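Peer 1: Numbering-wise, UniProt numbering puts 20 at position 20 of the sequence shown, and it's gapless, one number per residue.
In this text, a Cβ means the ideal position worked out from N, Cα and C, and glycines have one as well.
The structure presented is a predicted model; accordingly, all values stated were derived computationally and were not measured.
So that we are looking at the same thing, I have put the structure below in structure tokens.
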Amino acid sequence: MPVAHIITFKLKEDVDLPAARKLFERVYEFKEICKKPDGTTYVKAIRGGKQVTEGLLGQLAKGWEYAFLFAFEFTTDLEYFLLKDPEHQKFAADFRPLLADAIALTFEDRAFE
């Protein structure tokens, strides 16, 4: 069953924003460069950006600054992405030092039980 994986995060205050933006752009390459051991791609969709609402709607964001949404056809693909994919592992090693905090959620569409 298709799954979505959301990560929302805050950057450390001393992060160089232009450098962070270059790193964010690497995320969009995952659709082409993340491959299973058999060579097939498996990241189905990627969306992301900076939190943009202000006022009351901005308050609902609780200070979370950025988010990425990934779509995978199978939970096993997400597990491979998070735990084994060498491209994601390289990215995560570069990305973690920039993070002040993060939350990740995974869900199947319309699965409420």
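Compute the minimum distance between the beta carbon of L78 and the heavy atoms of the ligand MG, and state whether it is under 7 Å.
Peer 2: As presented, the structure is devoid of all ligands, the ligand MG included, so that no description of it is given.
Peer 1: Can you list, in chain order, the residues of its chain with a C-beta nearer than 7 Å to that of Y28? Leave out the 5 residues immediately preceding and following it.
Peer 2: Looking up residue 28 in the sequence shown gives position 28. I46, listed in sequence order.
Peer 1: Could you check if V3 is buried or exposed, using at least 16 other CB atoms within 10 Å of its CB as the buried criterion?
Peer 2: In the sequence shown, the residue the question calls residue 3 occupies position 3. Buried is the call here.
Peer 1: By the three-class DSSP mapping on this structure, what secondary structure does K12 have?
Peer 2: Residue 12 sits at position 12 when you count from the first residue of the sequence shown. Reduced to three states, the DSSP call for K12 is coil.
Peer 1: Roughly how far, in whole angstroms, is the beta-carbon of K44 from the beta-carbon of A67, given that I think they are within contact range, below 8 Å?
Peer 2: The count along the sequence shown starts at 1 and reaches residue 44 at position 44. The count along the sequence shown starts at 1 and reaches residue 67 at position 67. That pair is no contact at about 17 Å.
Peer 1: In this structure, what does DSSP give as the bridge partners for Y66?
Peer 2: Stepping through the sequence shown from its first residue, residue 66 is reached at position 66. DSSP output for Y66 lists F9, K50 as bridge partner(s).
Peer 1: With C-beta atoms as the reference, is T76 less than 8 Å away from H5?
Peer 2: Along the sequence shown, read from residue 1 onward, the residue named residue 76 stands at position 76. Along the sequence shown, read from residue 1 onward, the residue named residue 5 stands at position 5. It is not a contact, given that the beta carbons lie outside the stated cut-off.
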